[in-house]
Amino acid sequence: MPMLIGIDVGGTNLRLGLVDVASSAELIKPHLVEEIRFQADFSSFCQLHQHAPAQAWQTILETIVNAINRVRDQYPEVSAVGIGFPGFIDPHTQVISQSPNLPGLHQVDLTTDLSALIGLPVITENDALAAAYGEYVMHPSRLKNLIYMGLGTGVGGGLILNGRPFQGAHGVAMEVGHIIVHDGGRLCGCGNHGCMEQYASASGVAISYFEATQQHCTAADIAGRAKLGDLAAVAAYALAGKSLAQALAQVLKVIDVTDVVLGGGMSAAWTLMASSFQQQLTHDLIPALRGKVNLRISNMGDQAGIVGAAMLASSLNG
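Residue numbers are given in numbering that gives the first Met the number 0: position 62 of the sequence shown equals residue 61, and the series is strictly consecutive.
Pasting the structure below:
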């Protein structure tokens, strides 16, 4: 029975899980044995832009290696590692060409560098695509096609087509967070202005609230204020829902997938976004698609990316 490590690298923390896989003639069944968080170790990742690229990359490698080694000390039978990483990842070389939410990283090879350090096969995939695959393999009816949108520090997207993760020719398929929804809007880490994630992510909500109140608050704090009737907080989440719908409507017109899953930490505040989201989505969709989209909030919490990354690594076991 393969024992795999799945790692979900976010913009502000790292989550690691140990997954074992049972297979039958009909179905591969992943089981999350243990999930471990490394918030304290990983908090310095937010400050990487203050360091030289080589030093930043060394910090990333050391943190991930230390996390893996802690688990391998207890589970030496681990056979492979899968990592979901926020960035644009070449589907052929697995080189990370850019990571908008971890500035300064360009043309780095996590797969090769990490494998050399731990002596195990490694696969690296975009974090949202890994989460999409996790949602797919854990869905009870094993849908053939699925769109996943992860709302966190940024907004990522993943697409499963005919049961397979779709990366695109250059590894940037479903970068929905970088669909421009507000012309001339806020500057994004990708270099463009007005990207959806500048409004619909946790950082985007914090910016919206600051612009209205001049107060620095986390998205979670703003959600609490919105529930108490703070109008600026309500407006920040309404803008998030509207912006998310604007981007999703364009994606659905191109891909025409029925099932959409929303995940990530920001999805916990879905009730604050739902009304503006649904109103905008209905407005922006063409009539042929209205009422035909099955949208649900993930029930996997933070675990979709872990399971998906581990299951992608299962292919490395031959």
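Every residue, glycine too, gets a C-beta built ideally from N, C-alpha and C.
In the DSSP assignment, VAL121 is bridged to VAL80.
With respect to the C-alpha of TYR198, the residue from GLY240, ALA53, LYS252, ASN144 having the closest C-alpha is GLY240.
GLN277 is not bridged by DSSP to any residue.
When only Cα atoms are considered, ASP72 and ALA309 end up about 18 Å apart. In the three-state scheme derived from DSSP, where H, G and I count as helix and E and B as strand, GLN93 is classed as coil. Looking at the DSSP output, PHE87 sits in a beta bridge with GLN97. For ARG224, the uninterrupted alpha helix (DSSP H) segment begins and ends at 218-226. A Cβ-Cβ separation of about 7 Å places LEU116 in contact with LEU60 under the 8 Å criterion.
Boundaries of the beta strand (DSSP E) around VAL8: 2-8. Excluding residues up to 5 positions away in sequence, GLY151, THR152, ALA218, GLY264, MET265 lie with their Cβ nearer than 7 Å to the Cβ of ALA201 in the same chain.
Segment contact: the region 117-136 against the region 280-289, fewer than three CB-CB distances shorter than 8 Å; contact not assigned. Counting only runs that start and end inside the region 132-174, there is no alpha helix (DSSP H) element of at least 4 residues. If you draw a straight line from the Cα of GLN213 to the Cα of MET148, it comes to about 29 Å. Taking the Cβ atoms as the reference, SER274 lies roughly 12 Å from LEU238, outside the contact range of under 8 Å. With contacts defined as CB atoms closer than 8 Å, LEU261 and LEU294 qualify as a contacting pair.
Between VAL154 and VAL175, the C-beta spacing is below 8 Å. A Cβ-Cβ separation of about 6 Å places SER96 in contact with ASP89 under the 8 Å criterion. For GLY183, there is no enclosing beta strand (DSSP E), as DSSP marks it with neither H nor E. Around the beta-carbon of ILE296, fewer than 16 other beta-carbon atoms lie within 10 Å, marking it exposed.
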